[in-house]
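Have a look at the structure below, then the notes.
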Amino acid sequence: MTPSLAPELAGRITRPAGPLVIDIAGVTKLYQMGEEIIHALRGVSVKIHRNEYLAVMGPSGSGKSTLMNMLGCLDTPSEGRYEFTGKNVATMVDDELADIRNREIGFVFQTFNLLPRSTALANVELPLIYAGYSPAERKTKAIQAMQNVGLGDRLHHRPNELSGGQRQRVAIARALVNSPSIILADEPTGNLDSKTGVEIMALFEQLYAQGNTLIVVTHEEDIARHARRIVRLRDGLIESDGPVG
Amino acid sequence: MTRLIYELTESFRIAFAQIRANKLRSILTALGVIIGIVAVTLMGTAIRGIDTGFNKSLAMLGDDVLYVQKWPWGPVEDFWNYSNRPAIMPDQADKLNRIIEQTPNSLLEVAVPVSSRSTSVKYGENKVSGVFTIGTTADYGRLISADFSEGRLFNETEANGGRPVCVLGFDVAEAVFQNRSPLGETVLVGSHPFTVIGVVAKQGSFLGLFSFDNQVILPLEAFRKYFSVRRGAELRVKITDKMRVAEAREELIGAVRRVRGQLPGERDNFNINEQGAFKAQLDPIKQGIALAGLFITGLSLFVGAIGIMNITFVSVKERTKEIGTRKALGARRRTILLQFLIEAVSICLIGGIAGLLLTYTLVQVVSVTLPAIPVEFSVSLVFISMAVSIATGIVSGFAPAWGASRLDPVVALRYE
């Protein structure tokens, strides 16, 4: 399970895997599209541990997005087992899933998904409101998260006053603020130029070093190679799962 | 619990940010509610005004006075039964008063005969026709609540002596004497000279139908001398305790039967009328007006509510992706539901407050410029319209907010 270092990636640290966080076994997902039934996932099994840095890859239609929604507890499997830190997610109802997402998962979206009329700080505070923190606690934690992504001086800017890279940093701060078990990033550099993309991936490297568990969903090989382990999907099945190298 | 409070605070913050960001749209939507609230509250003030005016009119009749008359107030079908009744004569008041004196702990205080007819009042070149002219005793003063703007009522001596003195109603005095004081002047009532000894202060009209200011009060004996009393009179009986009208009424029926020599088992050949009966008759009409008015004005509020519903649907649609994001970050269904409900309620409340201010201004303007139109603003109206606004917001915002709360986060996040 421990990934070996690829030659061009020599010198990177790899943290030892911690306890099991995600345990997916034999998961399928069916969609009804008019008359047709689509098998988005046909029996996927994957285990993800704390301290992992994982990339999920695959062409469009491979079931990559479906798996990501499943990992993010936005969706539940049609069949199969899904345990998140030992809790059975497969049978959870909407509000229980919402609580899992709030406490355990930090989302980073391709399109940043910041609330346009709220300041960066207010955006970062949002998950803490749903978690029930007092305004004072929210502020302290949010400022900390903003400083952690290097935006301590941009607290009161609105998204349209920030660059693309800065917006994604705010989104990352928002994903980090509630100290989740995993950070789930969906094409995090998809809307950024390559230089900014490199900066964001450097930030991910830093977060990983600080002890966060990262899952990056991408179709770009270059991005995926930043991870320590790559899961490749094709036609709703896992094609390969192994360390980067 | 604290989480709910934080969510609510956040929802209000978002709602007002949203309204601020879409000023024009919010104002236009609120306009529907404003118009609705103005219509409903104006109707409310009008109904209240009518009610107050009505009660004021009833008070003119006196809430402690029973009227012994040949006819009941209100419509009758078998009018011949009533017209065949023997007339009520003024001297029956004396007999009634003797019975009252002899009854220990009587609930009746005094009976006053009142004969009436329509005549004219003339002074010099000025003449008023159709004046309600009554002949009564000095006890009349114990019945009426009105003050005298000048002078006084005739006393017992003048009344019993049939002195040619009169008291004018306010409008009559004004019409005949303009700005001069009529006291001590002699007017012609019909064709007979009477000296004016008093003027009753302005009382207003009864339900806008009959003016208490268009009358002349004469001593009964003088009235009897010049105008016939054969057509009969009515007896106005003041009671001692207005809380016990029903008992007083029973006592009065017994006493009047004795006075009129009715045999046991015989049906009453008179009616006891009172303002309460009037009220009972007019209440359904009043309620009908209120109901129809509220229904019609309620329609405008309904249209406003549809506007709110529409704009909330639009708001949900526009912010589908935001809903997806919020759900991904841990917002429960309740949170999303509350957020959009509060947005709808906020617009309604803003509309409600604006509508209320508008109504208040209109009522002030109307009551200053058109005092004849009875309108009345009240604190309860504030609470009612606020409650109506909130209810409108909840009712109209619920369907779109519910839809938003049920959105699948995967679908919502993918929405462009």
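Taken in order, these protein sequences are the chains called L and D. To convert, note that position 121 of the first sequence is 132 in our numbering; the numbers rise steadily by one, no gaps. To convert, note that position 341 of the second sequence is 639 in our numbering; the numbers rise steadily by one, no gaps. A virtual CB, placed ideally from N, CA and C, is assigned to each residue, including glycine. These numbers come from a predicted model, not from an experiment.
(request) Can you have a look at Leu244/L and say buried or exposed, based on whether 16 or more other CB atoms are within 10 angstroms of its CB? (result) Here the question's residue 244/L lines up with position 233 in the first sequence. Buried.
(request) Using the Cα positions of Leu214/L and Glu172/L, report the straight-line distance between them to the nearest angstrom. (result) In the first sequence, counting from the first residue as 1, residue 214/L sits at position 203. In the first sequence, counting from the first residue as 1, residue 172/L sits at position 161. CA-to-CA, the gap between Leu214/L and Glu172/L works out to about 21 Å.
(message) When you compare the region 321-329 of chain D with the region 654-671 of chain D, are there three or more beta-carbon pairs, one atom per stretch, that lie closer than 8 Å?
(response) The region 321-329 of chain D, when compared against the region 654-671 of chain D, does not touch it at the 8 Å Cβ threshold.
(request) Starting from Leu137/L, find everything on chain D with Cβ-Cβ shorter than 9 Å and list it in chain order. (result) Along the first sequence, read from residue 1 onward, the residue named residue 137/L stands at position 126. Listed along chain D, the residues sitting closer than 9 Å to Leu137/L by beta-carbon distance are Glu308, Thr623, Arg624, Leu627, Gly628 and Ala629.
(request) Examine chain D for any beta-carbon lying closer than 8 Å to the beta-carbon of Tyr219/L, and answer yes or no. (result) As a working mapping, residue 219/L is identified with position 208 in the first sequence. Answer no: the Cβ-Cβ gap between Tyr219/L and chain D never drops below 8 Å.
(message) Please list, in chain order, the residues of the region 633-661 of chain D that have any C-beta partner in chain L closer than 8 Å.
(response) Those would be Thr633, in chain order.
(message) Taking the beta carbon of Met299/D as the centre, do at least 16 other beta carbons fall within 10 Å, making it buried, or is it exposed?
(response) Taking the first residue of the second sequence as position 1, residue 299/D is located at position 1. The residue in question, Met299/D, is exposed, as its Cβ has fewer than 16 Cβ neighbours within 10 Å.
(request) If I'm right that Val474/D touches Tyr421/D with Cβ under 8 Å, what's the distance once you round it to whole angstroms? (result) Your numbering for residue 474/D matches position 176 in the second sequence. Your numbering for residue 421/D matches position 123 in the second sequence. About 4 Å separates the two Cβ atoms, so the contact holds.
(request) Could you tell me how far apart the beta carbons of Val338/D and Thr618/D are, in whole angstroms, since I believe they sit closer than 8 Å? (result) Taking the second sequence and counting its residues from 1, the one referred to as residue 338/D is at position 40. Taking the second sequence and counting its residues from 1, the one referred to as residue 618/D is at position 320. At roughly 34 Å, the Cβ-Cβ gap does not stay under 8 Å, so Val338/D and Thr618/D are not in contact.
(message) Give me the chain L residues within the contact set of Tyr713/D, using Cβ-Cβ distance strictly less than 8 Å, ordered along the chain.
(response) For this step, residue 713/D is matched to residue 415 along the second sequence. Neighbours of Tyr713/D across chain L, judged by C-beta separation under 8 Å, do not exist; the nearest C-beta is about 11 Å away.
(request) Measure the alpha-carbon distance for Ala710/D versus Ile621/D and round it to whole angstroms. (result) Residue mapping note: residue 710/D aligns to position 412 of the second sequence, counting from 1. Residue mapping note: residue 621/D aligns to position 323 of the second sequence, counting from 1. One alpha carbon belongs to Ala710/D, the other to Ile621/D, and they sit about 7 Å apart.
(message) Would you call the region 63-76 of chain L in contact with the region 231-242 of chain L, where contact means no fewer than 3 C-beta pairs closer than 8 Å?
(response) Verdict: yes, contact present.
(message) Please return the same chain residues whose Cβ sits closer than 7 Å to the Cβ of Ala436/D, not counting the five positions on each side in sequence.
(response) Walking along the second sequence from the start, residue 436/D turns up at place 138. So the qualifying residues of the chain are Leu451, Phe452, Asn453, Glu454 and Ala457.
(message) Below 7 Å, is the gap between the Cβ of Ala499/D and the nearest heavy atom of the ligand FMN?
(response) Only the bare structure without any ligand can be found here, which leaves the ligand FMN out of the picture.
(request) Enumerate, from N- to C-terminal direction, the unbroken alpha helix (DSSP H) stretches of 4 or more residues contained entirely within the region 658-714 of chain D. (result) Entirely contained in the region 658-714 of chain D, the alpha helix (DSSP H) runs reaching 4 residues are, in chain order, 677-703 and 707-712.
(message) For a cutoff of 8 Å on Cβ pairs, would you count Ala716/D as touching chain L?
(response) In this structure chain D extends from 299 to 714, so residue 716/D is not present and cannot be described.
(request) Compare the C-beta of Ala315/D against all C-beta atoms of chain L and say whether one is closer than 8 Å. (result) Translated into positions along the second sequence, residue 315/D becomes position 17. With 8 Å as the cut-off, Ala315/D counts as an interface residue toward chain L.
(message) Mapping the DSSP letters down to three states, classify Pro18/L as helix, strand or coil.
(response) Indexing the first sequence from 1 puts residue 18/L at position 7. Because Pro18/L sits at a pLDDT of 33, beneath the cut-off of 50, its placement in the model cannot be relied upon, and the following sentence gives the value as read from the coordinates. Three-state DSSP puts Pro18/L in a helix.
(message) Within 8 Å of any Cβ in chain L, is that where the Cβ of Lys321/D sits?
(response) One-based indexing of the second sequence puts residue 321/D at position 23. Contact of Lys321/D with chain L is not assigned, every C-beta pair being separated by 8 Å or more.
(request) Can you have a look at Pro14/L and say buried or exposed, based on whether 16 or more other CB atoms are within 10 angstroms of its CB? (result) Here the question's residue 14/L lines up with position 3 in the first sequence. Annotation note: pLDDT 33 at Pro14/L (below 50); position unreliable, coordinate value reported separately. By the neighbour-count definition (other C-beta atoms within 10 Å, threshold 16), Pro14/L is a buried residue.
(request) Return the residue from the list Phe314/D, Leu654/D, Ser416/D and Ile345/D that minimises the CA-CA distance to Ile515/D. (result) As a position in the second sequence, residue 515/D is number 217, starting the count at 1. Looking at Phe314/D, Leu654/D, Ser416/D and Ile345/D, the one whose alpha-carbon comes closest to that of Ile515/D is Ser416/D.
(request) May I ask which residues mark the beginning and end of the beta strand (DSSP E) holding Lys40/L? (result) Here residue 40/L is taken as the residue at index 29 of the first sequence, counted from 1. Counting along the chain, the beta strand (DSSP E) containing Lys40/L begins and ends at Leu31 to Met44.
(message) Tell me which residues of the region 62-93 of chain L have at least one Cβ-Cβ distance to chain D shorter than 8 Å, keeping chain order.
(response) Within the region 62-93 of chain L, the qualifying residues are Asn80, Gly83, Leu85 and Asp86.
(message) Tell me whether the region 535-552 of chain D and the region 354-363 of chain D touch, counting them as touching only if at least three CB pairs, one residue from each stretch, are closer than 8 Å.
(response) With the cut-off at 8 Å, the region 535-552 of chain D and the region 354-363 of chain D touch.
(message) Measuring only the C-alpha atoms, how far is Pro88/L from Leu78/L?
(response) Position 77 of the first sequence, counted from the first residue, corresponds to residue 88/L. Position 67 of the first sequence, counted from the first residue, corresponds to residue 78/L. Each residue's alpha carbon lies about 9 Å from the other.
(request) State yes or no: is the beta carbon of Glu620/D nearer than 8 Å to at least one beta carbon in chain L? (result) As a working mapping, residue 620/D is identified with position 322 in the second sequence. Taking 8 Å as the CB threshold, Glu620/D lines the interface with chain L.
(message) Please return the same chain residues whose Cβ sits closer than 6 Å to the Cβ of Ser309/D, not counting the five positions on each side in sequence.
(response) Here residue 309/D corresponds to residue number 11 of the second sequence, with the count starting at 1. Cβ within range, chain order: Leu636, Gln637 and Ile640.
(message) So within the region 447-512 of chain D, which uninterrupted alpha helix (DSSP H) runs reach at least 4 residues, ignoring any that extend past its ends?
(response) Runs of the alpha helix (DSSP H) inside the region 447-512 of chain D: 454-458 and 468-475.
(message) Against chain D, does Ser15/L count as a neighbour if the rule is that its beta carbon must be under 8 Å from one of theirs?
(response) Within the first sequence, the letter at position 4 stands for residue 15/L. Residue confidence for Ser15/L is low, a pLDDT of 30 falling below 50, so the modelled location carries little weight; the figure read from the coordinates is stated next. With 8 Å as the cut-off, Ser15/L does not count as an interface residue toward chain D.
(request) Count the other CB atoms, across all protein chains shown, that sit within 10 Å of the CB of Val32/L; report buried if there are 16 or more and exposed otherwise. (result) The residue you call residue 32/L lines up with position 21 of the first sequence. By the 10 Å Cβ count, Val32/L comes out buried.
(request) Using a cut-off of 8 Å between C-beta atoms, extract the partners of Val300/D located in chain L. (result) On the second sequence, position 2 is the one that residue 300/D refers to. The sequence as given places Thr at residue 300/D; Val does not occur at that position. Neighbours of Thr300/D in chain L, taken as residues whose beta carbon is under 8 Å from its own, are Gly143 and Ser145 in chain order.
(message) Does any residue of chain D have a CB that is nearer than 8 Å to the CB of Ala109/L?
(response) As a position in the first sequence, residue 109/L is number 98, starting the count at 1. Answer yes: the Cβ-Cβ gap between Ala109/L and chain D drops below 8 Å somewhere.
(request) Report back the beta-carbon spacing between Ile335/D and Leu550/D to the nearest angstrom; my notes put them in contact at under 8 Å. (result) Counted from its first residue, the second sequence places residue 335/D at position 37. Counted from its first residue, the second sequence places residue 550/D at position 252. 49 Å between Cβ atoms; not a contact.
(message) What would DSSP say about Tyr524/D, mapped onto helix, strand or coil?
(response) For the purposes of this step, residue 524/D is identified with residue 226 of the second sequence, where counting begins at 1. Residue state for Tyr524/D is assigned as helix, using DSSP reduced to three classes.
(request) Please go through the region 98-128 of chain L and give each complete alpha helix (DSSP H) segment of 4 or more residues, from N-terminal end onward. (result) Every unbroken stretch of the alpha helix (DSSP H) spanning 4 or more residues and falling wholly within the region 98-128 of chain L is given here in chain order: 105-115.
(message) Restricting to Cα atoms, I'd like to know which of Leu597/D, Phe377/D, Arg529/D and Val557/D is closest to Asp392/D.
(response) Residue 392/D sits at position 94 when you count from the first residue of the second sequence. It is Val557/D.
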